[in-house]
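Let me begin by presenting the structure, written as structure tokens, before commenting on it.
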């Protein structure tokens, strides 16, 4: 850059000339604005001097001090105002006499409403359980009182007259329950009374064909249709009143009322109708309690028939007994096979319900079979039952169903029992080993824990199974004679 004719020097000179021209332009513009402001100021002063001032003289505050070297011109003030950033928002002004903290604090919330104390144990016992116990005693008294009244002072009346009187009693109990359920504080008492009236109505329909002194219907098909209609009355009243208590107590009390009479085909059909009613109420409107009540009522009535000896002259109808249990089990197996019952029972509830149904059926059917036929061919019962459960479990496991797992576990346990009862000696060990190998293979192929659990349990219980097999033969006659002793000793009511 020592040569003054180089392009860098020429560019620097051109830039300096450009800056000088821009400064002169700005200076001329500022001077023009100053001249305009001066002219407007002189014009305003001249106009104000000619007009007399009639307003009061207002003493204006002195202008702010002007620093030397800073011209107070409108154009410069305008430019400075535009160049300065907007002021920050200031804090809100406080009114005199007010505390700022009190203004920003939220209003105090309302005090929490105290929760009412729940009913005590004595109140719950008196309002709920004593009422239910009382209605059970009332149904028992009406059934047994009808027998006593017939033997003493109304035996000359016709069966239709006696049955009409019992129907009137059921309507009286149900009507009283409806009236009391509309009063404050007596809703539960009224619902239980209504359930008792419906249960007694069901018993009267049952007795119209089954009980000799009240028999007015000869055709068993007509009696079964009327029983179905009576169960429909219980379900309909519970549906329209949206009362689970009425449905649950009605089903349980109806099962209890038929349990007092001997077991035959109509008694079995009656309890099957109640089982179907409970399952239907589980499906719609989605109540789980009626289904559980029908499960307990059906198997409870059967156990009551056996223990109390009310099986028809001490032995009862064996064919009705053996066919009643599989039909009941098939009805109660529906919630475990259909996924629509998840809304009422839930996934875990379906598994528990299925396991309870399988266990109750196997226990009652096994004891009935041993009592009737002995223990020689008893191994067929767990074998057939285990195969059926295994098929149901395999079908359900394809849908990843929890209830199917219960069927698989109980199926493997039932098949293991059948193997223990059928084989002896080295054959027992071979059969258990084959079953354990199959379960282990399924567990490794499907990675399902029930099969692996059964495999481990089978290996651990092998010595005990062998010992049980040797002890079973000497004790089976004594076991068969001691079971259901009430069937041979008690007389029908």
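Numbering (this note's numbering), first residue to last: 743 to 1235. Ideal placement from N, C-alpha and C gives every residue a C-beta, glycine not left out.
- When secondary structure is reduced to three states using DSSP, residue 1127 falls in the helix class.
- In terms of Cβ geometry, residue 1031 and residue 986 form a close pair [threshold 8 angstroms].
- In the assembly as shown, residue 1137 is an exposed residue. Its beta-carbon has fewer than 16 other beta-carbons within 10 Å.
- DSSP, read as helix, strand or coil, puts residue 952 in helix.
- Boundaries of the alpha helix (DSSP H) around residue 1089: 1084-1115.
- When the alpha-carbon of residue 1129 is set against those of 1144, 1110, 1117 and 1100, the nearest one is in 1100.
- Cβ contact annotation for residue 951 (same chain, cutoff 7 angstroms, sequence separation greater than five): 957, 959, 962, 965 and 1008, in chain order.
- The shortest CA-to-CA distance from residue 1010 to any of 1025, 902, 970 and 984 is the one to 970.
- DSSP, reduced to helix, strand and coil, places residue 1118 outside both helices and strands of the structure shown, so it counts as coil.
- A Cβ-Cβ contact shorter than 8 angstroms links residue 881 with residue 998.
- Residues 980, 1023 and 1032 of the same chain have their beta carbon placed closer than 6 angstroms to that of residue 989, with the five preceding and five following residues left out of the count.
- With respect to the 8 angstroms criterion, residue 917 and residue 932 are not classified as neighbours on the basis of their beta carbons.
- Residue state for residue 942 is assigned as helix, using DSSP reduced to three classes.
- Look at residue 927 here: in three-state DSSP terms it is coil, with no helix or strand label.
- DSSP places residue 1027 in the coil class of the three-state scheme, outside both helix and strand.
- Residue 879 sits in a helix when the DSSP states are folded into three classes.
- For residue 982, the enclosing alpha helix (DSSP H) starts and ends at 962-983.
- Going by C-alpha positions, residue 937 is about 17 angstroms away from residue 1012.
- Looking at 935, 1001, 992 and 1139, the one whose alpha-carbon comes closest to that of residue 1046 is 1001.
- A direct Cα-Cα distance of roughly 23 angstroms separates residue 1157 from residue 1066.
- With respect to the 8 angstroms criterion, residue 940 and residue 967 are not classified as neighbours on the basis of their beta carbons.
- Looking only at 983, 1102, 764 and 1090, the smallest Cα-Cα distance to residue 1072 is reached by 1102.
- Out of 1092, 1027 and 1085, the CA that lies nearest to the CA of residue 1079 is found in 1092.
- Taking all protein chains in view, the Cβ of residue 978 is surrounded by fewer than 16 other Cβ atoms within 10 Å, so the residue is classified as exposed.
- When secondary structure is reduced to three states using DSSP, residue 748 falls in the coil class, being assigned neither helix nor strand.
- Non-local beta-carbon contacts of residue 1106 in its own chain, meaning distances under 7 angstroms to residues more than five positions away in sequence, involve 1041, 1044, 1045 and 1067 in chain order.
- In this structure residue 995 does not touch residue 873 by the C-beta definition: roughly 13 angstroms separates them, more than the 8 angstroms allowed.
- Here residue 1018 carries a helix assignment [DSSP, helix/strand/coil].
- Rounded to the nearest whole angstrom, the C-alpha separation of residue 973 and residue 1162 is 43 angstroms.
- Here residue 1156 carries a helix assignment [DSSP, helix/strand/coil].
- The Cβ atoms of residue 1016 and residue 1074 do not sit closer than 8 angstroms to each other.
- About 28 angstroms separates the beta carbons of residue 1174 and residue 1110, which is beyond the 8 angstroms limit, so they are not a contact pair.
- Here the alpha carbon of residue 1028 sits roughly 14 angstroms from the alpha carbon of residue 1035.
- Bounds of the alpha helix (DSSP H) holding residue 1062 are 1060-1074.
- Scanning 1062, 915, 928 and 1121 for the CA closest to the CA of residue 884 turns up 915.
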